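Here's the structure, in structure tokens; my notes come after.
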Amino acid sequence: MVDYKTWMKELDDNTKLTQLAIPGTHNSAACHTALPSVQCQGESVTEQLKHGVRFFDIRVGKQFLKEGDDAKDLQVIHGKFPVKIPFPRLLKDVLKEFYDFIKDNKSETVLVSIKQEGTDDWNNDKDEFGNCIWDRYVDKQKDLWYLKSDLPKLGDARGKLVLFRRFGVKDDEKKQKFGFDAASWKYNTTEDDRGRFVVQDFCEIQNKDDISKKVKYVKDLAEKAQKSNDDKLFVNFTSGSNFFDHDCWPQQVADAMDKGGVEKVFAKGCGIIVLDYIEAHNWKLAKALIDKNF
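Numbering (the UniProt record's numbering), first residue to last: 1 to 294.
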């Protein structure tokens, strides 16, 4: 029986991350009391790690009502809204959850996606956001990060966090030591091939009919990933929502994924399946994905 907390321990060091079925979570730290439709998970990052989640979607922005350097003590954001009210969930606290886990479970590798959301007042011509992430967060714990620009084999990244960088960096020298470059893909895409990675992130759910379309897009990309002989990372978001329609909030879309049978297309090599409310039904979909690796 697989120990989901340390499931990567059973895999060969030469295994590429692109060859696996990996459970991930969308807006991973959005598990707190927040505005309606902002919450996306029912359990903490630490609990997700213990149950085998190995891809985390973290979106951050400046703290509201603060200025200057104080505002750069970044908080976790979903769109324009904080994931926790009345007090912010800080990035440094989320990263501590990763650090504590990886120090205690050196057989594991965790992909951490970091994206800028919230206010748009960053001077990105001068890499202000990137420099903030590097100087305040990554550089101080550099030994716990895999920061090369490639997708590693497990043996090269055990006991480390792989940075899946969803923000641009203009400094060419820094790019080479600042993680895997996933800075952009087409918004609301059903499939966008960026060379080294492929994304399905159809997120604009207008009505209930769009949910069945979303289920199909997830299945289609999972099947394509299994058949691919290319060394590409397939990132397949099951998430989507419409703030103005309760039937299309994250919980309802997550339920539709389960009822729509996405589990039927899970197989080794299906890539990263990024889920909302991953703890549902005793972590059913996370376990199903991990099991396919054996």
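Just so it is clear, CB atoms sit at the ideal spot from N, CA and C, and this is done for glycine as well.
Here the structure is a predicted model, which is why all the values come from computation and not from measurement.
Got a sec? Which residues, its chain only, sit under 6 angstroms from residue i by beta carbon, not counting five neighbours each side?
i	result
residue 5	50
residue 214	202 and 240
residue 35	81
residue 192	185, 186 and 199
residue 155	13
Round the Cβ separation of residue i and residue j to the nearest angstrom and send it over; I've been treating them as touching at under 8 angstroms.
i	j	result
residue 309	residue 250	In the structure as shown, the chain begins at 1 and stops at 294. Residue 309 is therefore absent and cannot be evaluated.
residue 48	residue 272	The pair is not a contact, with the Cβ atoms about 14 angstroms apart (cut-off 8 angstroms).
residue 293	residue 268	5 angstroms
residue 233	residue 18	5 angstroms
residue 56	residue 79	Going by Cβ atoms, the distance from residue 56 to residue 79 rounds to 17 angstroms, so no, they are not a contact pair.
residue 244	residue 274	With 8 angstroms as the limit, residue 244 and residue 274 do not qualify as a contact, their Cβ atoms being about 23 angstroms apart.
residue 75	residue 91	7 angstroms
residue 126	residue 144	Contact doesn't hold; Cβ gap of about 27 angstroms is too wide.
Keeping to the same chain, check which residues put their C-beta closer than 8 angstroms to that of residue i; ignore five residues upstream and five downstream.
i	result
residue 175	149, 169 and 181
residue 22	54, 55, 111, 271, 272, 273 and 289
residue 291	2
residue 222	234, 236, 262, 265, 266, 267, 270, 271 and 273
residue 102	108, 110, 144, 159, 160 and 161
Report the three-state DSSP secondary structure of residue i (helix, strand or coil).
i	result
residue 156	helix
residue 131	helix
residue 277	coil
residue 145	strand
residue 205	coil
residue 16	strand
residue 24	strand
residue 212	helix
residue 221	helix
residue 282	helix
residue 233	strand
Within the same chain, show all residues whose beta-carbon is closer than 7 angstroms to that of residue i, passing over the 5 residues directly before and after it, in chain order.
i	result
residue 263	285 and 288
residue 190	200, 202 and 217
residue 242	205, 206 and 248
residue 29	45, 58, 76, 83, 89 and 94
residue 133	114
residue 33	84 and 85
Item to check | Touch test, the segment 164–181 against the segment 109–123, Cβ-Cβ under 8 angstroms, three pairs minimum | outcome: yes
Checklist entry - Do the segment 30–43 and the segment 127–141 make contact, defined as three or more Cβ pairs closer than 8 angstroms? => result The count of Cβ pairs closer than 8 angstroms, one atom from the segment 30–43 and one from the segment 127–141, stays below three, leaving the stretches out of contact.
Item to check | Within the segment 81–140, ranges of the alpha helix (DSSP H) (whole runs, at least 4 residues) | outcome: 91–104 and 128–133
Checklist entry - Which ranges does the alpha helix (DSSP H) cover as unbroken runs of at least 4 residues, wholly within the segment 46–81, from first to last along the chain? => result Within the segment 46–81, the complete alpha helix (DSSP H) runs of at least 4 residues fall at 68–71.
Item to check | Every unbroken beta strand (DSSP E) inside the segment 156–204 [3 residues or more] | outcome: For the beta strand (DSSP E) assignment, the uninterrupted runs of no fewer than 3 residues enclosed by the segment 156–204 are, from N- to C-terminal side, 160–166 and 197–200.
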